[in-house]
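Structure, as structure tokens:
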Amino acid sequence: MGLSGALARLAVRATRVLVVEVPGHWATRMEVEHQLLRRGWRPAWTPADADVLAVCGVPGPELSELVDRLWEQMPGPRVRADITSPGTVGSALDAAAALLLDTPHHRTDAQERAQEPEIPEDADHGGHGGMGHGGMDHGEMDHGEMDHGGHGGMDHSGHGGMDHGGMDHGEMDHGGHGGMDHSGHGGMDHGGMDHGEMDHGGHGGMDHSGHGGMDMAPGGIALAGGGEDRDGLEMDVLHLPLGPVLPFWPAGLVLRCSLQGDVVVDAEASVVDGAGAGGPGPGPAPAAVVWCDQVMALLALAGVEDAAACARRARDALLCGDEDAARDAVERLDRTVRRSWLLRSSLRGVLLLDRAGLERHGLPGHCRGDAHDRLLSRVERIRAEAGGTEPTPAEDGGVPWAVVPDLVTGLELASVRLAVASLDLDPHPAVQAVGHG
Amino acid sequence: MLVGIVFWGLAVVAVAAGAAVFVVDSMARATYALALSFIAVGVQILLLGQSYLGIITILMMVMEMAVMAVYMVMFMGMNPALMPMDMTHGKKTAIGASAGVFVLLAAGALLVPWPERRGAPPEDLTRALGLEIMGEKMLVMAVVGPVMVATIVAGVVLAAHRTRYDRLGDDLRRRPADDPQPGGVGR
Amino acid sequence: MTLEAVLVVAAALFAVGLYGALSQQVVVMVMMGLELMINGVLLAAAGFWWFLAPDPSGQVLLLVVLAAMTVEMAMGFAVATLLHRRRQTDMTDMAEELSR
Amino acid sequence: MAESVVTTVPGGWAVLAGILLCGLAFFAVALDAALSARAQGTGGGWGAPLGRAARLLRQRRRSTVAADTLLWRIGGAGMLVGAFLMIAVIPLGEWTLADLDVGVVWFNTVDVMVWALVWLAGWGANSAHGLVGGYRFLAHGVAYELPLMFALVAPAIAAGSLSVGEVAAAQDGVWFVVWMPVAFLVFLVGVTGFSVWGPFAPALAADIGGGVLAELSGVDRLVLQAGRYLFLTAGAAFSVPLFLGGGAGPVLPGWAWVLVKSVLVLAVLVWLRRRIPLLRPDRFMEIGWVVLLPAAVLQDLVVSLVVVWKG
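Protein chains in written order, with my numbering: chain A, 1 to 437; chain B, 438 to 624; chain C, 625 to 724; chain D, 725 to 1035.
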């Protein structure tokens, strides 16, 4: 016990926390992030890396299901902390740390869990690109929906009873015809399959024999369809939802992307749990805090860690009302951002919006330029706000999340992330919707 | 003795991995099986006293297979990890032909009375090789170089969709080039 | 480790590669077969060099084989890309080229 | 071949070399954690490597649906092994583990292995983000590897040998870094490249949830992360015999100078990471081919001319 106890105590000092923000509960999330760092802990980017799952706020039905799935994917030892208000963050994290040390508890937990990863039976995988949030792979999940061959976007997950074991498509002639020949499989129940999404024409045939008979495909993996990419090559289309639980991503936003390679060819935006299901939050955040948070996300995604840390400190100082510290931090942030020509070259040209573009998408004037211009203008606004010396410029509104798909289509994945972070997205659409409703 | 054991071990690895290329279901595994085969042969070449060529073989082939994997995934048209792939034709003929070739070659190898070894390897092989290709055999290298460059150009021309006129306009004056993905230099 | 042993192993590699090159339908897999054949040639050349005439000029041959392999590979990739592009616009054409 | 300039030590010393490498890598992790803690305004952090390792040792491993576990694990474990292979040819003062006559090419071969390993680690998880990460790394590889190769050529030309020991010995008067700075910089770019470090970490970046690391937990993650740090350390250490005069220096013995210089290079690399944004593959590809490659070739030309001129 002595050794494993010592190991556990050492391990807890480096705990990683996966923070899930229920839309509207920005204050709790920021408090969690603040306290994490003070303990020497770090945020985790994926459930695979997390020891603690910190749910900030009370999730709605859709997000709850998702959180449960994240919980399933955590390797353990794992602790879940439901934090409903900023005031309880400290005690919740203390409790989590204490529970993390409880080795016997985690041993039992590990034994009780399913050993093999699997896609939940009830998940509606057929709905990729469509509705069903259920089967969503928000990126960090272990569902691996990648498919690199040419296959129809079909889905087997809902068909637990289907017996694919006896099928042998191995000898199929793949050269000439695109689709599969189903006639040879009289016994198979195709009833539940969604053939509508299959693209039989453009690619070299599909093969079901991987299911049931093969160890490589325990089932439930949706396959990709093909399509012409921007270089005129036929490439597979992969459906990958971004969000709602993704590092440095606007809370609650879900962007269902169709990817070819890493280029987003189509996207669809929604908000988790629709509008207003997030429960009561503390209300809209102060503008400067939100901007700082967005700047931090953008800098972190661009990979300048020192500058991102600087933005975070500015945010936390603004949040707790420490004006001097805030002003210092903002000044430092401003200097860092302005000086770094590498940062400029990295963000230059990302989602360049000219006047016509702004009008077409109905965006406010402060979105003009590329990601770097928007970063600078936002830092400028933070300075004005924090300094309090200049009058606050007239606020002309944020960017509605509904335009995001139009903006990011055609960009490559990393640019999509930078583009989204560079926009002043309405941060908590659910809350705002309630407010307006 | 030890060298013999290592050699035969590597031989088994090389041939088995080579055969695995056409047996395994996954494209990634097939590609890296070939890489393994090359690594084994590279080490065998090391055993045969040619350190530079052995290591360069490993270097080049690992790099090539890393790229090859990408092409396999792109063009195989079959799911890598999910589906067994059997995209063959004329299997029996192929097996017959290759078995015949093997018997022929192996018999030749075993039956031909190979001459005695002439001369001894130079002390510093790599230096000797360098002197050779930069001296007497310079013509070879002088040819190989341009061929490589021509390969790069021809490969790009064959594979690329857009030409320079698409990128730079009809009079090749458009700056920066009209690319779907801008580069880092901003030409 | 004798010359005969090296040559037998090289022959085995060559034969396996030949099987692949003959039997595979897809361009990239054919290329893998060719690579494996060249692999055998490479080993055989190295064996000949070491056991018959270990002077530096023989090594140049190996370098040339390596270079040939690279060129083959690069052109193979380019052609495969071209074929893939063509396959969409002209499927039967492609089917003819690829099927048995 | 002339008398060897370094002494080859028996294989048993490999253990010591391994320990030294791990020690330096440990320093790199600690320094990184401390810098990170300072930037966050929290202080401390020097003990972080222990805590992180303990955490990952305690964490359970996990698998994913339809993962290619074999390739996945090879990808992770290979990173750990590769770094140790790399240091085999680095002379520590006058001793070396393997006085390979083509040591520079050996180094190059091991770093090329990283291409395969990172891609395999990304591929094996059967996760979209992991795969995107793997491809990003390959794209980087295509861009940094050729400049790196030409950068490695420069010291070899100047020394007239591919043996690492002789390259170090050839810098008797002037260190190579003085008259081949471009090659040195390109080399450092290459080192950060094959360590998937700092600006070359889009394969592991936050925007794809950690990319190649996205699905790794427990000891698998530890192995891959440790492999990266070890590669960074080995690369930094390799710059010492190649460009920084090997064990040359006043007062201290040769081995100590090698360690001191390695630590310095390593510290600079670790420190730079926090300042430099990620170089996304689509941006860096052009920089690598249009800027770095010609620069490295020109450097080689200059070096060749100097060598010819000096006779």
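Note that the Cβ used here is the ideal one computed from N, Cα and C, for glycine as well.
Reducing DSSP to helix, strand and coil, say where residue i ends up.
i, result
"D615/B", "coil"
"A285/A", "coil"
"H864/D", "helix"
"L233/A", "coil"
"P104/A", "helix"
"E268/A", "strand"
"G166/A", "Here G166/A scores only 31 on pLDDT, less than 50, and its place in the model is too uncertain to base an answer on."
"R952/D", "helix"
"P241/A", "strand"
"T15/A", "coil"
"G971/D", "coil"
"D306/A", "helix"
"C56/A", "strand"
"Q649/C", "coil"
"R42/A", "strand"
"D94/A", "helix"
Just to confirm, is the Cβ distance from residue i to residue j under 7 Å?
i, j, result
"T788/D", "A849/D", "yes"
"H864/D", "G914/D", "no"
"A457/B", "A506/B", "no"
"S626/B", "A451/B", "The requested residue 626/B does not occur in the structure, where chain B is confined to residues 438 to 624."
"A269/A", "E21/A", "no"
"L1017/D", "L870/D", "yes"
"V826/D", "I570/B", "no"
"V888/D", "V813/D", "yes"
"V834/D", "G806/D", "yes"
"D262/A", "E412/A", "yes"
"R1007/D", "G621/B", "yes"
"V1030/D", "I881/D", "no"
"L542/B", "A635/C", "yes"
"G486/B", "W674/C", "yes"
"W1039/D", "A467/B", "Any question about residue 1039/D goes unanswered here, given that chain D covers just 725 to 1035."
"L769/D", "A763/D", "With the sequence shown as reference, residue 769/D is identified as Gly, and Leu is not the correct amino acid for it. Not a contact, by the Cβ cut-off of 7 Å."
"A566/B", "Q683/C", "Here the sequence assigns Leu to residue 566/B, which means Ala is not the residue at that position. For L566/B and Q683/C, yes; Cβs fall inside 7 Å."
"L1023/D", "A907/D", "In the sequence under discussion, the amino acid at residue 1023/D is Gln, which differs from the Leu named in the question. Their beta carbons are under 7 Å apart, which means Q1023/D touches A907/D by this criterion."
"I1000/D", "L342/A", "yes"
"A927/D", "F861/D", "yes"
"M500/B", "V866/D", "no"
"V416/A", "V264/A", "yes"
"V79/A", "V52/A", "yes"
What does a CB cutoff of less than 6 Å around residue i pick up in its chain, not counting 5 residues either side in sequence?
i, result
"R332/A", "C310"
"S422/A", "L298, A371 and R374"
"G973/D", "W981"
"I495/B", "I476 and G479"
"M578/B", "I570"
"V910/D", "P871, A875, L1016 and A1020"
"F638/C", "M661 and G664"
Short of 7 Å in beta carbon distance, which residues of its chain neighbour residue i, apart from the five on each side in sequence? Order them along the chain.
i, result
"L36/A", "V17, R42 and P43"
"A387/A", "Contrary to the premise, residue 387/A reads as Gly rather than Ala in this sequence. Contacts found: R327."
"R945/D", "L780 and L937"
"M693/C", "E659 and I662"
"G742/D", "F808"
"G175/A", "Here G175/A scores only 32 on pLDDT, less than 50, and its place in the model should not be relied on; the value that follows carries that caveat. Hits under 7 Å: none found."
"M131/A", "Confidence at M131/A is low in this model, with a pLDDT of 28, below 50, so its placement is unreliable and no value can be given for it."
"T84/A", "G57 and V58"
Given 6 Å as the limit, tell me if residue i has its C-beta closer than that to any heavy atom belonging to the ligand ADP.
i, result
"V580/B", "By its list of ligands, the structure shown contains no ligand whatsoever, and the ligand ADP lies outside what it can speak to."
Excluding five sequence neighbours on each side, which residues of the same chain lie with their C-beta closer than 8 Å to the C-beta of residue i?
i, result
"V753/D", "A772, P773, R776 and Y953"
"L307/A", "With the sequence shown as reference, residue 307/A is identified as Ala, and Leu is not the correct amino acid for it. The residues are L299, L333, T336, V337, S340 and L343."
| query | Going along the chain, which unbroken runs of the beta strand (DSSP E) with 3 or more residues stay wholly within the stretch 774 to 845 of chain D? | reply | none
| request: Would you check if the stretch 91 to 100 of chain A and the stretch 57 to 68 of chain A touch, i.e. whether three or more CB-CB distances between them fall below 8 Å? | output: no
| request: Tell me the start and end of each unbroken alpha helix (DSSP H) in the stretch 997 to 1026 of chain D that is at least 4 residues and wholly inside, in chain order. | output: 1005 to 1010
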